[in-house]
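Worksheet for the structure shown next.
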Amino acid sequence: MSSNENAVTRLDLRSRLLVSTAGELRRRVDEARIRPGAVIGLVPTMGFFHEGHLSLMRAARAECSYVIVSAFVNPIQFGATEDFNTYPRDLDRDLAVAAGEGVDLMFAPPEHEVYQPGFDTMVVPGKISEGLCGASRPGHFRGVATIVAKLFNIVKPDTAYFGQKDAQQVAVIRRMATDLNFDVAIRVCPTVREPGGLAMSSRNTYLSDEEREQAAVLFRALSAAKEAAASGETSVSRIRRKMKKMIGGEYLVDLEYVKIVNPVDLEPVEEVATEALVAVAARVGRTRLIDNMMLTPGGPDAADA
Ligand code: AMP
Numbered sequence: 000m001s002s003n004e005n006a007v008t009r010l011d012l013r014s015r016l017l018v019s020t021a022g023e024l025r026r027r028v029d030e031a032r033i034r035p036g037a038v039i040g041l042v043p044t045m046g047f048f049h050e051g052h053l054s055l056m057r058a059a060r061a062e063c064s065y066v067i068v069s070a071f072v073n074p075i076q077f078g079a080t081e082d083f084n085t086y087p088r089d090l091d092r093d094l095a096v097a098a099g100e101g102v103d104l105m106f107a108p109p110e111h112e113v114y115q116p117g118f119d120t121m122v123v124p125g126k127i128s129e130g131l132c133g134a135s136r137p138g139h140f141r142g143v144a145t146i147v148a149k150l151f152n153i154v155k156p157d158t159a160y161f162g163q164k165d166a167q168q169v170a171v172i173r174r175m176a177t178d179l180n181f182d183v184a185i186r187v188c189p190t191v192r193e194p195g196g197l198a199m200s201s202r203n204t205y206l207s208d209e210e211r212e213q214a215a216v217l218f219r220a221l222s223a224a225k226e227a228a229a230s231g232e233t234s235v236s237r238i239r240r241k242m243k244k245m246i247g248g249e250y251l252v253d254l255e256y257v258k259i260v261n262p263v264d265l266e267p268v269e270e271v272a273t274e275a276l277v278a279v280a281a282r283v284g285r286t287r288l289i290d291n292m293m294l295t296p297g298g299p300d301a302a303d304a
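Going by numbering that gives the first Met the number 0, the sequence shown opens with residue 0, and the numbers climb by one from there.
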C-alpha cells in the first residue's frame, strides 16, 4: 500500500471506529442498545494490543451484538515512579487490529476528557486491594476501580471482559461490581502466553532477548506448583520454597512475591485443600511482570474431599 493509501485507511478507521468523548460514546451505545436483541459487551484495556487483548475481543464478539473496546492509559493507576510516560501506545495500529476483530467501536479518550478539571471522586477498594500487587503499588487498584466504574457508568455493558492474567484486578472488579450494584456480568478469559510460556503483556516490549528468556521461569515455577498440587502436595510453604528456588536460578529475575491465596477474597491460605490461586510478581531488568495459575488439589485423597 502507498503511504497515501495508508493515510486514507487510517482516516477511514478513525472516522468509523474511534470515539474520544464520553458523550459520543454514550450516544452511540444507546443507539445500539435499543436494537432488538442487543447485548452490549465492553473490553477495557490500556491499548497496544496483543493476543491477550484479542482473546477478550473475540469472546465479546462471540457473545455480544455490539462490542466496545476502550484503550486508555489511565494515569491515576500509575505510581509516581512507574512507567506511565513510557507505556507503549499505538492508536492507529490498535484501531486496525480492533477492526480486524469486528469490534464496533473503540473508545480512546484524551486524559482531559476522562479527568475533567475539578475531578475529585475515587472508588476505593478495601482489603482485597491491599495484598499482592497492592502492597507495592499503593493507589493502583483505586485508579483501576475508578476508571472501570466510569466506563461501566458510561457504557452500561451487559458483559465486561477481563483477563485472568490480572487476577487481583479481576477480584477487585468483581468485589466492586457486587458492592456497588453494577448490573454487569464479569467474564474472565484465560491467560494467553508466548510459546515459551511467558504471559503476554504490553510491557513485554521492554524486555531484551535474554530477559525474555529468563522471564519464562515464572511460567515454569507456576506450572511446577500446579503439578505439585495436582499430585497431592498441600503444603503452601513447600510449594513456595520450590518456586522461589526455581526463580532464584535466573539471575535477571528479581522476585517481588510468590503467594498462594483464596481466589475470591485473596486471603492467604496455609494448605491447598480447595482451589487456590498462586500469584507471582517479579522485576526483570526494569520491567515488572505478574502472572498466576489456579491450583487444584489432587492426589490419592482428593476424590473424597
Ligand atoms: P491491559 O491493557 O494490560 O490493561 O489489559 C487489558 C485487559 O486485557 C485486562 O483485562 C487484562 O487482564 C487482559 N490481558 C492482558 N494480558 C493478557 C493475557 N496475556 N491474556 C489474557 N488477558 C490479558
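All residues carry an ideal CB built from backbone N, CA and C; glycine is no exception.
Item to check | P109 versus A223: straight-line alpha-carbon distance, rounded | outcome: Taking the straight line joining both Cα atoms gives about 43 Å.
Checklist entry - I39 and Y65: beta carbons closer than 8 Å? => result yes
Checklist entry - Hey, how far is the Cα of M45 from the Cα of P124? => result 20 Å
Item to check | Residues bridged to F161 (per DSSP) | outcome: V187
Checklist entry - Closest by CA to V279, which one among M242, I127, L251, P194? => result M242
Checklist entry - For G297, which of helix, strand or coil comes out of DSSP? => result Of the three classes helix, strand and coil, the one that applies to G297 here is coil, per DSSP.
Checklist entry - What is the rounded straight-line gap between the Cα of P116 and the Cα of I146? => result 16 Å
Next on the checklist: Using C-beta distances below 8 Å, list every residue in its chain close to V72, excluding the 5 sequence neighbours before and after it, in chain order.
Outcome noted: For V72, where only same-chain residues beyond five positions count, the Cβ hits under 8 Å are M45, G46, F83, Y86, R88.
Next on the checklist: Are the CB atoms of L217 and L288 within a distance shorter than 8 Å?
Outcome noted: Yes, the Cβ-Cβ distance between L288 and L217 is below 8 Å.
Checklist entry - From which residue to which residue does the alpha helix (DSSP H) around S135 run? => result 131–135
Item to check | Member of Y250, L197, K225, E30 whose CA lies at the smallest distance from the CA of D290 | outcome: L197
Checklist entry - At a cut-off of 7 Å, is S200 close to ligand 1 when judged by its beta-carbon and the heavy atoms of the ligand? => result yes
Checklist entry - Shortest alpha-carbon distance to D165 belongs to which of R240, K126, M293, M245? => result M293
Item to check | Identity of the residue in V252, C63, P35, V42 nearest S69 by Cα | outcome: V42
Checklist entry - Since R15 is in the alpha helix (DSSP H), which residue starts that stretch and which ends it? => result 2–16
Checklist entry - Does the beta-carbon of D93 have 16 or more other beta-carbons within 10 angstroms, so that it is buried, or is it exposed? => result With 16 or more other CB atoms across the displayed protein chains lying within 10 angstroms of its CB, D93 is buried.
Item to check | Chain-order list of residues whose beta-carbon lies under 7 Å from that of T233 (same chain, five-residue window excluded) | outcome: E270, V271, A272, P296
Checklist entry - Hey, how far is the Cα of N261 from the Cα of S236? => result 15 Å
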